[in-house]
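A.B. asks:
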Amino acid sequence: MSEYNTKNYTKQGGDVTVIGGTLEFGPDAKVTGLPAATKTETGGIKAVDNLEDCGATDVAGVNAFINSYLLARLREAGILKD
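With the sequence shown counted from 1, adding 600 to any position gets you this note's numbering.
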């Protein structure tokens, strides 16, 4: 078995790449092939755009905002699963 002296390397045959240092993505970089996240698998990274601020002034208003808006947006983006 060969010994490596670099933190980032691809093993013989090219099937495995080891990242022991920092993996840095430039501003135009793209990652493809990540699976969708499920309740048991982490999957790819997802984001929600343009969430509005909660304007509630009481607990009932905050509760309504979370239930009717925030959770719905997270489900639509595939971040939160039922």
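The C-beta atom is built at its ideal place from N, Cα and C for all residues, glycine as well. Small disclaimer: the values here were computed from a predicted structure and weren't measured.
Does the stretch 647-657 come close enough to the stretch 665-681 to have 3 or more Cβ pairs within less than 8 angstroms?
C.D. replies: yes
A.B. asks: Cβ atoms of K607 and G620: under 8 angstroms apart, would you say?
C.D. replies: The answer is yes: Cβ separation under 8 angstroms.
A.B. asks: On the three-state DSSP scale, how would you describe V662?
C.D. replies: helix
A.B. asks: Can you give, in chain order, each stretch of the beta strand (DSSP E) that sits fully within the stretch 617-674 and has at least 3 residues?
C.D. replies: 617-619
A.B. asks: Over what stretch of residues does the beta strand (DSSP E) that includes N605 continue unbroken?
C.D. replies: Segment: none, N605 is in no beta strand (DSSP E) and carries neither H nor E.
A.B. asks: Whole angstroms are fine: how far does the CA of T622 sit from the CA of A629?
C.D. replies: 15 angstroms
A.B. asks: May I have the straight-line CA-CA distance separating A660 from L674, to the nearest angstrom?
C.D. replies: Counting only the Cα atoms, L674 lies some 20 angstroms from A660.
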